[in-house]
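Student: Protein sequence lines correspond, in order, to chains A and B. Counted from 1, the first sequence has number 79 at position 52 by our numbering; the numbering is strictly sequential. Counted from 1, the second sequence has number 310 at position 22 by our numbering; the numbering is strictly sequential. C-beta atoms are modelled at their ideal positions from N, C-alpha and C, and glycine is treated no differently.
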Amino acid sequence: NAGVTQTPKFQVLKTGQSMTLQCAQDMNHNSMYWYRQDPGMGLRLIYYSASEGTTDKGEVPNGYNVSRLNKREFSLRLESAAPSQTSVYFCASSDPGLGWDIQYFGAGTRLSVL
Amino acid sequence: GENVEQHPSTLSVQEGDSAVIKCTYSDSASNYFPWYKQELGKRPQLIIDIRSNVGEKKDQRIAVTLNKTAKHFSLHITETQPEDSAVYFCAASIRSGGYQKVTFGTGTKLQVIP
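#1: Compare the beta carbon distance of A/ALA109 and A/GLN44 with 8 Å and say whether it is the shorter of the two.
#2: Below 8 Å between beta carbons: does that hold for B/TYR376 and B/LYS330?
#3: Could you compute how far the alpha carbon of A/GLN38 sits from the alpha carbon of B/THR357?
#4: Is the distance from the Cβ of A/SER114 to the Cβ of A/ASP83 below 8 Å?
#5: Based on the DSSP output, what are the partners of B/ARG339 in its beta bridges?
#6: Reducing DSSP to helix, strand and coil, say where A/SER114 ends up.
#7: Determine the extent of the beta strand (DSSP E) in which B/ASN355 is found, giving its start and end residues.
#8: Compare the Cα-Cα distances from A/GLU86 to each of A/ARG95, A/LEU72, A/ARG99, A/VAL93 and report the closest residue.
#9: Under the DSSP definition of a beta bridge, which residues are partnered with A/PRO129?
#10: Is A/GLY43 close to chain B? Criterion is C-beta to C-beta, closer than 8 Å.
#11: Strictly under 8 Å for the Cβ-Cβ distance: is A/ILE129 near chain B by that measure?
#12: What in chain B is Cβ-close to A/GLY135, meaning under 7 Å?
#13: Cα-Cα, which of A/MET68, A/ALA77, A/GLY90, A/ASN55 is closest to A/ARG104?
#14: Could you list which residues in chain A have their beta carbon closer than 8 Å to that of B/TYR313, in chain order?
#15: Please return the same chain residues whose Cβ sits closer than 7 Å to the Cβ of B/GLY343, not counting the five positions on each side in sequence.
#16: Chain B partners of A/GLY80, CB-CB under 7 Å?
#17: Between the Cα of A/ASN55 and those of A/GLU100, A/LYS41, A/ARG137, spot the shortest distance and give me the residue it belongs to.
#18: Using beta-carbon positions only, say whether B/ASP337 and B/TYR313 come within less than 8 Å of one another.
#19: Measuring alpha carbon to alpha carbon, tell me which residue in A/GLY80, A/SER94, A/TYR60, A/THR34 is nearest A/TYR131.
#20: Find the residues of chain A that neighbour B/LEU334, judging by a C-beta separation of less than 7 Å, and give them in chain order.
#21: Quick check on B/PHE377 - is its C-beta less than 8 Å from some C-beta in chain A?
#22: Leaving out five residues before and five after B/ARG349 in sequence, what residues of the same chain have Cβ atoms less than 7 Å from its Cβ?
#23: List the residues of chain A that B/VAL352 touches, going by C-beta distances under 7 Å, in chain order.
Structural data, given as structure tokens:
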């Protein structure tokens, strides 16, 4: 099992460019999450998907959109990147509906917006 | 919403000494408290967790305590080793139906000096 896989690992964008961060999990989890991590601020939730076909905003959703493509895949899109979106992005999955609350994280995407 | 405060932000200990990291939370409905370890450039990984119906849990050199009345929980690492050097995050979680809402603390950078 690969667990949670994120692509790409690194990306540099110019202000105004768009891109999509991909995330896939092979653990058959229902719930998936996107976080951003900034120095001194911990992990902040951008969007989550409690189950296939549903998505909801987290703490810091502005400037982002998401798609839960199927049970395995949850993508994060930046339509018009801004320097404030320079961060490390983590995807995670869990299955609290089955009694498992542990979140499993991907390896992260380090994004720089110039 | 939930607010999790974590202290200290940095902690240096001599190898073999103990380290204690403390967190407080605001929402009495939180019922699951995981601790994650993040090594430099790596993904957060769960090291120990505790549920609201338990006051203490221990796993080898790591222990977590929970005081529901005071809304605080702590991570204790005994006999610290250089490989314990990392950033540690506490979190408070509420399960609502099939969705798990997790709020992270801002992290503690632990340095173990050989």
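Tutor: Looking at the coordinates:
#1: Cβ distance not < 8 Å, so A/ALA109 and A/GLN44 don't count as in contact.
#2: no
#3: 45 Å
#4: no
#5: B/TYR320
#6: Three-state result, A/SER114: strand.
#7: 350-355
#8: Looking at the Cα atoms, A/LEU72 is the closest of the given residues.
#9: Before going on, a small fix: residue 129 of chain A reads as Ile here, not Pro. Answer is none; A/ILE129 lacks a bridge partner.
#10: no
#11: yes
#12: ARG331
#13: Looking at the Cα atoms, A/GLY90 is the closest of the given residues.
#14: Going along chain A, no residue has its Cβ under 8 Å from B/TYR313, so there is no contact; the nearest lies around 13 Å.
#15: THR353, LEU354
#16: Near A/GLY80 there are no residues of chain B at all, since even the closest Cβ is about 12 Å away, more than 7 Å.
#17: Ranking the options by Cα distance to A/ASN55, first place goes to A/GLU100.
#18: no
#19: A/TYR60
#20: ILE129
#21: yes
#22: ILE365, THR366, GLU367
#23: What B/VAL352 touches in chain A: nothing, since even the nearest Cβ is about 14 Å away.
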